[in-house]
Amino acid sequence: MEFGPYLMLAALEGAVTAAVLALMAAGLSLVFGVMRVVNVAHGEFYMLGAVLAFVVAGMAGGGALGFVAALVAVPLIVGALAVAADVTVLKRVGYDPERTIVATIGILYILQQVTLMGYGPDARPVAAPFNQRIALPWVEWGAGGPSLYWPWGLSITSYKLFVIGAAVVVLAGLWVLMTRTRIGLVMRATQLDRETAQAFGIPVERVYALVFGLGAGLAALAGVLIVPIQQAHYLMGGDALLLSFIVVIIGGLGSLPGTLIAALLIGLSDGILSVFFSPTLAKIVATLLVALVLVFRPQGLMGKAPR
Amino acid sequence: MLEVTGIDAGYGPVQVLRGLSLAVRPGEITCLLGRNGAGKTTTMKAIMGLLPLSAGRITLEGEDIGRLPAHEVPRRGIGYIPQGRRLFAELTVAQNLEIGLMTRNSPRHVLARVLDLFPRLADRMGQRAETLSGGEQQMLATARALCLEPRVLLLDEPTEGLQPSMIEAIRQVVIRLKSEGVAILLVEQRLDAVLSAADRVVFIENGQVRETAGAVDLRARPEMLKRYLGV
Ligand SMILES: Nc1ncnc2c1ncn2[C@@H]1O[C@H](COP(=O)(O)OP(=O)(O)O)[C@@H](O)[C@H]1O
Ligand SMILES: [Mg+2]
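Chains as they are written, first to last, in the UniProt record's numbering: chain A, 1 to 307; chain B, 1 to 231.
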């Protein structure tokens, strides 16, 4: 394959990574933005999403129906679990920034070990509901002007396109929720000034529980979307957490647009560098980007400098 | 109306208020005076339920509100204008007011009435609160509290850093609310702004009430001001 089509293929793979990463990082960023909680267990909610997708899809009889059942039910289950963790653990430590880090590390290990005991150490797949290969055209500048042709190997599956589309739809929905609805207004007011929010009747602890559940639900959704591409495994949360932190730091903690831009940046560079050079170089570049951002723009690309 | 009886409160292990009592009556302005750090803001936060009480009671028309969750207190009809305004800086004027309206599910006509009192805000509904001038921000903080049609209004240094015309505008609104029967608790440094309007003055020092005087008594005994405020 020539360079152009090859680059496009790499970029499409990167866009799938970016889509999943954006969903996950948006949840992490939302939780930090509103609650000031650094959720170290966020990767485990993603892992649970993938593992439960396997379980739920199996219970619903597999196939396309099984996948759809998982897509709907799993984020709700994981969200409810996170709400329970919020009320029983985070609320008890008073949402103190340092103590919640320790508490979420505890939640991380509990979720990981319980999954190991119940689900086992194997990686298991869920079948994609549809998985047609779609060949993509490329433009060639021949003697008679530009013409289209279909290079061998330049293709994407319909499921991967679906993942990108689903992420776009969900993130757009999140944006509308935060900026156009009452509950979004309440969440933003809580984020801006917790005490004054209370003085105007906002039950901030309920808002926190909701935000924590929503953040975990987004991670779980990312997990469900990824299982047909990558198998579900009880240790898959670690890398995902690291990449989400990288995205959130580059984008600016608490900024949804920043998170999106950073997810695209990291996802695309990961896809392209992995294809042309090596996955290791992709990780090195991502880490370097974080270092550069921390040195030259500590608040992130779209974050606000502390006042 | 609002009765605070022997409350102890503070921040974590730091006790600030010690057996503090005061009463705020409908249609009256009660003024809380004291030096910086005396505990005036802390008193207001304790009334709003933002600080846990370790002793004492707070009642509103007989209902014990001292141990309600903080978000339930404003729903009883207490409007709070915090020191330093504490607007939701990144939200628009309209959104800040919306949060006030949501507190007690106020009907829509309340907004029209509030904007009547502060016409300058009506022209700036889509503007972010942080971009308003100091006077406009104070108007917004006041308007936000009025959106919940309060029975009791707590104002913590509302004229801090404002130019005279703004101070007068705020003062007119407070006097109007008083005439409508709202119970008002006012913290104010500018005595000239206070003494003409207040019905009762409470002096506090080290988190304790030292003296309570009617406005008439205070005019007769101006040495009280010197003793508690050093002016
Ligand atoms: N968040 C806080 N944590 C600990 N101490 C505080 C806090 N806020 C105020 N204080 C202390 O409480 C005392 C009373 O403060 P405050 O009520 O703000 O006084 P003021 O009468 O000037 O409004 C002061 O000694 C102050 O240092
Ligand atoms: Mg004060």
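Backbone N, C-alpha and C fix where the C-beta goes; we use that ideal spot for every residue, glycine too. Because the structure is a prediction, the values reported are computed rather than measured.
Assignment of alpha helix (DSSP H) within the stretch 196-261 of chain A, counting only whole runs of 4 or more residues, yields 204-226 and 237-251 in chain order. At a threshold of 8 Å, E195(A) does not count as near ligand 2, since its beta carbon sits no closer than that to any of the ligand's heavy atoms.
Secondary structure remark: continuous beta strand (DSSP E) runs of at least 3 residues inside the stretch 22-109 of chain B, in chain order: 29-33, 53-60 and 78-81. The Cβ of T43(B) sits no closer than 9 Å to any Cβ of chain A. Judged by their CB atoms, A232(A) and V51(A) are nearer to each other than the 9 Å cut-off.
When secondary structure is reduced to three states using DSSP, S133(B) falls in the coil class, being assigned neither helix nor strand. Counting only beta-carbon distances shorter than 7 Å to the non-hydrogen atoms of ligand 2, the qualifying residues in chain order are K40(B), T41(B), Q83(B), D156(B), E157(B) and V187(B).
Closer than 8 Å to some heavy atom of ligand 1: that does not describe the Cβ of V202(B). D123(B) is classed as exposed because its beta carbon has fewer than 16 other beta carbons within 10 Å across all chains shown. Under a 10 Å Cβ-count criterion, F88(B) is classified as buried, with 16 or more other Cβ atoms of the shown protein chains found around its own Cβ. The Cβ of G201(A) sits closer than 9 Å to at least one Cβ of chain B. For Y159(A), the shortest separation between its Cβ and any heavy atom of ligand 1 does not lie below 8 Å. DSSP, read as helix, strand or coil, puts L154(B) in strand.
Assigned with DSSP and collapsed to three states, W150(A) falls in coil, not helix or strand. Shortest gap from the CB of A38(B) to any heavy atom of ligand 1: under 8 Å. Between the stretch 84-92 of chain A and the stretch 103-110 of chain A there are three or more inter-stretch CB-CB distances shorter than 8 Å, so the stretches are counted as touching. Within 8 Å of the C-beta of Y11(B) there is at least one heavy atom belonging to ligand 1. At the C-beta level, Q113(A) and M47(A) stay beyond 9 Å of one another. Nearest to A199(A) by alpha-carbon distance, out of L148(B), M48(B) and M44(B), is M48(B). With a cutoff of 9 Å on beta-carbon distance, A219(A) and F32(A) are scored as not near each other.
Distance from the CA of G27(B) to the CA of V182(B), rounded to the nearest whole angstrom, comes to 5 Å.
Taking the Cβ of G207(B) as the reference point, at least one heavy atom of ligand 1 falls within a distance shorter than 8 Å. For T287(A), the number of other beta carbons within 10 angstroms of its own is below 16, and it is reported as exposed. Rounded to the nearest whole angstrom, the C-alpha separation of L90(A) and T100(A) is 6 Å. Proximity to T159(B) across Q138(B), A143(B), K178(B) and Q208(B) peaks at Q138(B), based on C-alpha coordinates. When DSSP states are grouped into helix, strand and coil, L301(A) belongs to the coil group. For E195(A), the closest Cβ of chain B is nearer than 9 Å.
By the CB criterion at 9 Å, L60(B) and I81(B) fall outside the cutoff. For G142(A), DSSP records a beta bridge to G145(A). Taking 9 Å as the cut-off, the beta carbon of L51(B) is found no closer than this to the beta carbon of I204(B). Taking 9 Å as the threshold, the shortest C-beta distance from L148(B) to chain A falls below it. Counted as a single uninterrupted DSSP element, the alpha helix (DSSP H) harbouring L192(A) occupies residues R182 to L192. Taking a beta-carbon distance threshold of 9 Å, R182(A) counts as an interface residue toward chain B.
Within 9 Å of the CB of I184(B), no CB atom of chain A is found; the nearest one sits about 17 Å away. At a Cβ-Cβ threshold of 9 Å, V4(B) and R67(B) do not count as neighbours.
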